[in-house]
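In what follows, a single structure is set out as structure tokens and then discussed.
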Amino acid sequence: MGPVWDNMTKMGVVVESVPENSVIQLLHILVQFNTTYYYVVGIGNTERQFWFTTPPEVGPDVPYTFGLIGDLGQTFDSNRTLTHYELNPLKGQTVLYLGDLSYANDYPYHDNVRWDTLGRFTERSAAYQPWIWSAGNHEIDFAPELGETIPFKPYTHRYYVPYNASGSPSTPQYQWLETELPKVNRSETPWLIVIMHCPWYNSYYLHYMEGEGIRVTFEPWFVKYKVDVIFNGHVHAYERSERVSNVAYNVVNANCTPVKDESAPVYVTVGDGGNLEGLWTIMTEPQPDYSLFREASFGHGIFDIKNRTHAYFSWHRNQDGYAVEADSTWLFNRHH
Ligand SMILES: [Fe+2]
Numbered sequence: 001m002g003p004v005w006d007n008m009t010k011m012g013v014v015v016e017s018v019p020e021n022s023v024i025q026l027l028h029i030l031v032q033f034n035t036t037y038y039y040v041v042g043i044g045n046t047e048r049q050f051w052f053t054t055p056p057e058v059g060p061d062v063p064y065t066f067g068l069i070g071d072l073g074q075t076f077d078s079n080r081t082l083t084h085y086e087l088n089p090l091k092g093q094t095v096l097y098l099g100d101l102s103y104a105n106d107y108p109y110h111d112n113v114r115w116d117t118l119g120r121f122t123e124r125s126a127a128y129q130p131w132i133w134s135a136g137n138h139e140i141d142f143a144p145e146l147g148e149t150i151p152f153k154p155y156t157h158r159y160y161v162p163y164n165a166s167g168s169p170s171t172p173q174y175q176w177l178e179t180e181l182p183k184v185n186r187s188e189t190p191w192l193i194v195i196m197h198c199p200w201y202n203s204y205y206l207h208y209m210e211g212e213g214i215r216v217t218f219e220p221w222f223v224k225y226k227v228d229v230i231f232n233g234h235v236h237a238y239e240r241s242e243r244v245s246n247v248a249y250n251v252v253n254a255n256c257t258p259v260k261d262e263s264a265p266v267y268v269t270v271g272d273g274g275n276l277e278g279l280w281t282i283m284t285e286p287q288p289d290y291s292l293f294r295e296a297s298f299g300h301g302i303f304d305i306k307n308r309t310h311a312y313f314s315w316h317r318n319q320d321g322y323a324v325e326a327d328s329t330w331l332f333n334r335h336h
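Everything in the sequence shown is counted per the UniProt record's numbering, starting at 1 for the first residue and increasing by one.
Encoded structure:
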């Protein structure tokens with residue numbers, strides 16, 4: 001570990017003075033696949049050592065295991081969710097985080113200390129493996145009455161997202177997505193996963209059809225490019241859908257019933273991390289045809305890519321043992 005360790009130690013010094021540049025320099029150092037790197041945070045008596053392993057080299061048959069956590073918050077249930085994820089024998093290598101992190105805005109004056117306590121709480125996993133964050137509505141923290149007029153400020157100051165890389169300051173998001181989707185080489189990258197906070201196919205009472213505007217805009221692209229699976233949070237419960245689409249519906253015509261569509265993604269809502277707002281228990285009845293499984297329990301998901309043809313999804317409830325799968329399904333890749 002000699003040379004790498006030396007670089008890391010130097011990085012620790014840089015981090016103090018130029019945070020943004022130091023992250024970029026750090027990324028340039030980490031060029032080895034499948035390698036464990038050790039790093040230190042702090043100075044002198046406060047030094048604490050962590051480690052993480054870089055991903056394997058990209059290839060169509062490289063197995064990789066993602067954890068799926070959404071709407072975690074920082075309660076007793078949040079702690080159970082994270083513990084179940086850590087002790088799940090399926091061993092997630094990276095967390096795809098589905099939005100709504102600290103719930104600071106549910107506390108008086110948007111208590112920003114909650115952002116820091118969330119960081120300390122998740123450190124036991126996030127210091128050792130990547131967590132890929134997507135933003136939820138609770139991250140907005142727009143509170144002019146408290147003098148906070150910049151949306152997402154506490155979030156973006158703590159969690160790096162590819163904001164500049166996607167041209168977000170100058171490019172509308174749909175333009176970025178329109179150019180990004182065709183770039184995915186499905187021979188090299190067989191599985192195309194989308195994570196976003198608000199689900200389009202949700203049969204719970206709360207947030208029902210809330211994402212219609214964005215669904216009407218983007219769903220035709222996701223069907224065209226055969227996105228394999230879309231993971232959502234927002235709804236504080238679990239739900240898994242059929243492969244369905246509703247691309248004929250444009251809000252003003254009457255074609256409002258989703259239909260089975262083999263080119264469409266599977267939709268999975270895992271907004272059941274355990275936050276202080278509790279579970280959403282009220283469902284629309286009868287259960288729509290597109291909804292294959294729904295249950296209001298806290299838990300997390302695992303998406304286990306085996307090779308170019310097979311991936312396995314499982315849902316794990318906090319009230320069960322660590323190895324128990326309360327729901328599961330195989331996904332078969334439609335490109336191979
Ligand atoms: Fe939420």
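We treat Cβ as the ideally placed atom computed from N, Cα and C, and that holds for glycine. Computed from a predicted model, the values in this text were never measured in an experiment.
- A distance of 8 angstroms or more separates the beta carbons of residue 136 and residue 167.
- The beta carbon of residue 48 sits closer than 8 angstroms to the beta carbons of 40, 41 and 42 from its chain, once the five residues preceding and following it are set aside; these are given in chain order.
- A distance criterion of 7 angstroms places the beta-carbon of residue 71 in contact range of ligand 1, judged by its closest non-hydrogen atom.
- Cα atoms of residue 190 and residue 275: separation of roughly 34 angstroms, rounded to the nearest angstrom.
- No residue range can be given for residue 320, since it is assigned to no alpha helix (DSSP H) and is classified by DSSP as neither H nor E.
- Burial state of residue 269 is buried, judged by a 10 Å Cβ sphere holding 16 or more other Cβ atoms.
- The C-alpha of residue 92 lies about 25 angstroms from the C-alpha of residue 336.
- DSSP places residue 77 in the helix class (H, G or I) of the three-state scheme.
- The segment 200-214 and the segment 154-164 do not touch, with fewer than 3 CB-CB distances between them shorter than 8 angstroms.
- The three-state reading of DSSP puts residue 216 in helix, counting H, G and I together.
- Restricting attention to 141, 244 and 146, the CA atom closest to the CA of residue 152 is found in 141.
- Residue 113 carries a helical assignment under DSSP once its states are collapsed to helix, strand and coil.
- Relative to ligand 1, the beta carbon of residue 207 is positioned no closer than 7 angstroms to any heavy atom.
- Burial check for residue 58: the Cβ neighbour count within 10 Å stays below 16, so the residue is exposed.
- Less than 8 angstroms divides the Cβ of residue 199 from the Cβ of residue 234.
- For residue 70 against residue 97, the beta-carbon gap comes to about 7 angstroms, under 8 angstroms, which counts as contact.
- The beta carbons of residue 192 and residue 184 sit closer together than 8 angstroms.
- Judged by their CB atoms, residue 299 and residue 317 are nearer to each other than the 8 angstroms cut-off.
- A distance criterion of 7 angstroms places the beta-carbon of residue 141 beyond contact range of ligand 1, judged by its closest non-hydrogen atom.
- Here the segment 51-67 makes no contact with the segment 210-224; the two share fewer than three CB pairs at distances below 8 angstroms.
- In this structure, the alpha-carbon of residue 134 lies about 23 angstroms from that of residue 224.
- Here the segment 303-313 does not lie against the segment 274-291, with fewer than 3 beta-carbon pairs under 8 angstroms apart.
- Following the DSSP letters along the chain, one finds residue 242 inside the beta strand (DSSP E) bounded by residues 238-245.
- In this structure, the alpha-carbon of residue 232 lies about 12 angstroms from that of residue 241.
- Here residue 62 has 56 as same chain residues with Cβ atoms under 7 angstroms from its own Cβ, once five neighbours each way along the sequence are excluded.
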